[in-house]
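The sequence shown: position 36 = 35 (numbering that gives the first Met the number 0), numbered continuously.
C-beta atoms are modelled at their ideal positions from N, C-alpha and C, and glycine is treated no differently.
Quick caveat, the model's predicted, so the values are computed rather than measured.
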Amino acid sequence: MHWLVLVLSGAMEAVWATALAASDRFRRPRPTLLFAVSLALSMLGLAWAMTALPAGTAYAVWVGIGAVGTVLLAVVRGEERLGAARAALLLVLLACVAGLKAVA
C-alpha cells in the first residue's frame with residue numbers, strides 16, 4: 000500500500016508542477032487552487048509512504064515519477080515535443096524507478 004500511495008503522490012507532483020506553471024505567478028485562480036490541493040496531497044502521500052519506506056528511496060521514486068509525469072503532461076498539452084532521445088531517457092528514468100522498487 001505504501002508503494003501505491005508513493006506512486007500516486009509522484010503523479011500528484013506532476014499535477015502540481017504543471018498547475019504551478021499554468022497559474023501565471025498565482026494570478027489565475029483555478030490553476031492556483033489545483034496547485035495548492037495537488038501539492039498538499041503529494042506531500043502528505045510522500046510523508047506517509049516514508050513511514051514504511053527508506054527516505055532516500057521514497058524521495059527518488061517520487062521525484063522520478065513526478066519528472067516523467069510532468070514531461071508527459073507537457074507533451075500531451077502540446078507544450079513540449081517528445082523526440083526519440085527524450086523518450087529513451089524517460090524510459091531509462093522509469094527503469095531506474097522500477098529498479099529502486101525491486102531492490103528496496
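Sub-7 angstroms separation of residue i and residue j beta-carbons
{"i": "Ala18", "j": "Phe34", "result": "yes"}
{"i": "His1", "j": "Ala54", "result": "no"}
{"i": "Gly63", "j": "Val91", "result": "no"}
{"i": "Glu119", "j": "Ala73", "result": "For the chain, the structure presents residues 0 to 103; residue 119 sits outside this window and is missing."}
{"i": "Leu99", "j": "Gly44", "result": "no"}
Simplified DSSP assignment, three categories, for residue i
{"i": "Gly77", "result": "coil"}
{"i": "Arg29", "result": "helix"}
{"i": "Arg85", "result": "helix"}
{"i": "Ser41", "result": "helix"}
{"i": "Ser22", "result": "coil"}
{"i": "Ala59", "result": "helix"}
{"i": "Met11", "result": "helix"}
{"i": "Ala103", "result": "coil"}
{"i": "Ala51", "result": "coil"}
Contact belief for residue i with residue j at Cβ below 8 angstroms, rounded distance in angstroms
{"i": "Pro28", "j": "Ala21", "result": "That belief does not hold up - the Cβ atoms of Pro28 and Ala21 are roughly 11 angstroms apart, past 8 angstroms."}
{"i": "Val70", "j": "Leu5", "result": "Rounded, the Cβ-Cβ distance is 19 angstroms, inconsistent with contact."}
{"i": "Thr56", "j": "Ala103", "result": "5 angstroms"}
{"i": "Leu40", "j": "Val67", "result": "Not confirmed; about 18 angstroms, so no contact."}
{"i": "Leu38", "j": "Trp15", "result": "4 angstroms"}
{"i": "Gly9", "j": "Gly82", "result": "Contact flag wrong, Cβ pair sits at about 23 angstroms."}
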